[in-house]
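Protein chains in written order, with the numbering used here: chain Y, 14 to 247; chain C, 273 to 1067.
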């Protein structure tokens, strides 16, 4: 089976004042269509840097990122924007949705720039927000806001959904429901999902787990029997 | 060395991070303070110097123009209660003998043997009159313009006779600070019109004077002019004097307020002072609004830091002071820069004005109160703005501040409830509209800024049209004669044609009657020049308020707007016209219309009708001449019954100077308006981008191009600016209407309606300044580090 996303020997370091921080020492792996990948690691292990490079928000010092056979590394800024526009859907810990737009409008915002977007109402139904479609973020709970963020990311119909600590700002029950939603999207829409987390319990729901430490992937394992989000606890 | 405390370090870093905005604020403050520091003291100095000059030289409180005033009547006037001093003098219009092709008119005024005691002369060069038969003193502006020096011999022509004179000295007079031939000239033309002073004996011998005074100058007792300390007011004193002078052919009364030179200088003083007040305060308020916005944004941005400081034990007051320091420092630094710049501007402007008006006086000493006042105003306004902007500090609780901020409250906007409009918009257009209404205060500020810029530019671009109509169209379209001659006594209108016989080439002449009359409607009275024009006139083309040709029919009188306003009459009303010289010459006329006329306060009648009612049937007392003869002046002056010739043909240099002054003023206004517009739009947009950094970054992450984001922000600015433009048109019209009202006097009526081309040019200029602000903010979007913004939630 052809890999959807390949990371080849990625390295990234940056300077914080006069100190060189080696954020990513070595990362080499490939993902396939429909994978649910959990990248697990403590703070400063390099997982966010890896996600940013995979998502075209940052560039590596060396190494390559190949998306569906297309070389992402070396793309100029405009090409990287186009890459994010068509191939990637981001979900952040703090939602980053537009406060002046309703839930539905936030999703429509993503549709605006997509070549082959999904139907907004269907996406809202998929994330369970049909009844809240006309509500503003300030009228919603954190979990509902994160659902809007997921819906917005999915509506573009991207190849991969990249989620950076999507449950980090949520309570346990809400966090589980968000993970369940991501699993559902992965299964129903056959979207590749990457979830970054420092929460060890979440690793059990991924069918592939990459464990990181000090900028390196120290474990890359296939989970033959992933748990349902409702079965995990932290 | 004492180190900076940590809050100050934070403050300094904060300011250096927003250099562009800080600079924009400083420029606006500095401009406001410099105008305040420069204009008000210069206006005040000009006023003080003028008043001092008036006092020292005993400038007349009123002048009375009479046909023949025996010396004995002067004593009768002196005996009136409220009159301190009276002096009679002979005034006669003459022409200077010049080289062919050149011309100049002079007014010769008699002075008593010991020199005048009213309107006393200030000898600048040379000596006073020694030989009463030959010596004359020449007014400085005229002498300088024509290169006349003491000891020079000059000659004048009076009633066809040449009189040779010797220039004894060069003088200045409080009466002619602003020296113009009549109000229609508007700008002084030193080389074309001057004043000569001669001994009474010489003046009495000149043709047309018949040896009697024809002017009386009066000084009141203290308190009459101001109405203080006396039961009698100026009006009562004037009435008593007029009653005494009427039998001797009173032609006009000119109280000091209406004296041309005084009124024009006064206008200048008021203009300079009011600009110093209003424009500088406008700039400082704009700067204050910018500071309030900036500080408010800083407080929001530093939410976590403020929470940490509070958690560490800093009081609200200490943190508040930290932010106010920035505002106060801006006021202080901008204020000091403004004072330095204003000081230079004041000195330069003062030199120009004092030289222009030939006012003797000490150099400009800017009173410390203006400097302190400017600085205080700037610091106080900026500090108050800082306080207003930082008021949110108290609401920040330490524990909450470290949590991510809850999303701002979203609301549906009015347009969403208008489905007809809303459904037609594309999603990105809806987003733009929503963003405009999201921060209503800021949008209103930008809109007001654009409206103000547009209005100021509209006002500015309307000015050339006013100057054009006032000075150029008047001669090119409304008064197309080349010369105007006055006769020493009325002549039969048919004799006017003889004038052209003396001129070379094709020439034509048209008789006219012109004299000063008292017009009254009910209890309102006004003295004004009434002109009788041939029907139709080939030389004077009157227009009504809609700029359509208009002419007076027999039985009618046409009035200039200021005259109609003074008498409170409208077309169809009746008014009476009475000669000041004789009660017998009085008639009642119907107001036939209002004439669009910028300069002077005038009434117009049909020539024949006026002759019949107010002079003699078939008589005229002057003529308009149209000719191509280059030596027409010489030829006309040779004619015995011609008392003076004035030209409207060679005023190019005069207009050139005025246009140059206008251009300088317009350039300054355009720059000031532009700076204001740029600073407002730039700072508001930068704040808006800063505030929405996270949002804009998430748009970038989603795949929006930089250009698309810039396009959205630009569209927001365009939408707000469009509203600003819409509001700017009526605001500009209000400014011009206010100016029309404020600056219209007995001497001129201002018509300042913005033309479509003025609207077009001001729109183009406003757009240019907005585009400059747009380009300056584009860099912010280009440099937006979206990764950092998303990592740093408190961005």
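All C-beta atoms, glycine included, are put in the ideal place defined by N, C-alpha and C.
Return yes when the C-beta of residue 59 (chain Y) is under 7 Å from any heavy atom of the ligand GDP, and no when it is not.
The ligand GDP is not part of the structure shown, which contains no ligands of any sort.
In chain order, each beta strand (DSSP E) run of at least 3 residues that lies wholly inside the segment 294-368 of chain C:
334-341, 355-361, 363-368
Anything in chain Y within Cβ reach of residue 678 (chain C), meaning under 8 Å, just list it in chain order.
151
Can you give me the Cβ contacts of residue 161 (chain Y) inside the same chain, cut-off strictly under 8 Å, excluding the 5 residues immediately before and after it?
108, 110, 116, 119, 120, 140, 142, 150, 153
Would you grab the beta carbon distance between residue 411 (chain C) and residue 448 (chain C) for me? Rounded to a whole angstrom, and I think it's under 8 Å.
6 Å
Can you list the beta strand (DSSP E) stretches of 3 or more residues lying completely in the segment 817-845 of chain C, in chain order?
828-832
Just tell me which of C:901, C:382, C:510 has its CA closest to the CA of residue 753 (chain C).
C:901
By the DSSP assignment, the alpha helix (DSSP H) with residue 694 (chain C) in it spans what residues?
691-694
Determine the direct distance from the alpha carbon of residue 230 (chain Y) to that of residue 37 (chain Y), and round the result to whole angstroms.
9 Å
Ignoring anything shorter than 3 residues, give me the beta strand (DSSP E) runs that lie fully in the segment 173-216 of chain Y, in order along the chain.
173-177, 205-210
At a CB-CB cut-off below 7 Å, which residues of chain Y make contact with residue 710 (chain C)?
113
Is the beta carbon of residue 761 (chain C) less than 8 Å from the beta carbon of residue 310 (chain C)?
no
Return the CA-CA distance between residue 214 (chain Y) and residue 992 (chain C), expressed in angstroms with no decimal places.
51 Å
Check the Cβ of residue 123 (chain Y) against every Cβ in chain C and list those closer than 7 Å, keeping chain order.
974
Quick check on residue 281 (chain C): buried or exposed, where buried means 16 or more other Cβ atoms within 10 Å of its Cβ?
exposed
Whose C-beta lies closer than 7 Å to the C-beta of residue 435 (chain C) among residues of the same chain, with five residues either side of it excluded?
427, 428
Whole angstroms are fine: how far does the CA of residue 247 (chain Y) sit from the CA of residue 50 (chain Y)?
19 Å
Report back the beta-carbon spacing between residue 531 (chain C) and residue 335 (chain C) to the nearest angstrom; my notes put them in contact at under 8 Å.
7 Å
Go ahead and label residue 204 (chain Y) buried or exposed: buried means 16 or more other beta carbons lie within 10 angstroms of its beta carbon, across all protein chains shown.
buried
Please list, in chain order, the chain C residues whose beta carbon lies closer than 8 Å to that of residue 71 (chain Y).
1059
Does the beta-carbon distance from residue 1152 (chain C) to residue 829 (chain C) come in below 8 Å?
The displayed coordinates of chain C run from 273 to 1067. Any statement about residue 1152 (chain C) would go beyond what the structure contains.
Could you check what DSSP says for residue 406 (chain C) in three-state terms: helix, strand or coil?
coil
Determine the extent of the beta strand (DSSP E) in which residue 573 (chain C) is found, giving its start and end residues.
Counting along the chain, residue 573 (chain C) falls outside any beta strand (DSSP E), though it belongs to the alpha helix (DSSP H) covering 532-573.
Alpha helix (DSSP H) segment containing residue 116 (chain Y), residue limits
116-126
Among Y:102, Y:19, Y:61, Y:86, whose alpha-carbon lies nearest the alpha-carbon of residue 173 (chain Y)?
Y:102
If we ignore side chains and look at the alpha-carbon of each, how far apart do residue 474 (chain C) and residue 366 (chain C) end up?
14 Å
Is it a yes or a no for the segment 699-714 of chain C touching the segment 975-992 of chain C, going by three-plus beta-carbon pairs under 8 Å?
yes
Residues near residue 230 (chain C) in its chain [Cβ-Cβ closer than 8 Å; skip 5 each side]:
Missing from the structure shown is residue 230 (chain C); chain C here goes from 273 to 1067 and no further.
Would you verify that the beta carbon of residue 163 (chain Y) is, or is not, closer than 8 Å to some beta carbon of chain C?
no
Give the straight-line distance between the Cα atoms of residue 576 (chain C) and residue 718 (chain C), rounded to the nearest whole angstrom.
29 Å
Could one say the Cβ of residue 91 (chain Y) lies closer than 8 Å to chain C's Cβ atoms, at least one of them?
yes
Looking at C-beta atoms only, is the number of pairs between the segment 400-411 of chain C and the segment 367-375 of chain C that lie closer than 8 Å three or more?
no
Can you check the segment 434-481 of chain C for any alpha helix (DSSP H) of at least 4 residues that lies completely inside it and give the ranges in chain order?
472-476
Could you tell me whether any Cβ in chain C is nearer than 8 Å to the Cβ of residue 65 (chain Y)?
yes
Beta-carbon gap between residue 866 (chain C) and residue 816 (chain C) smaller than 8 Å
yes
Taking a contact to mean a Cβ-Cβ separation below 8 Å, would you say residue 332 (chain C) touches residue 490 (chain C) in this structure?
yes
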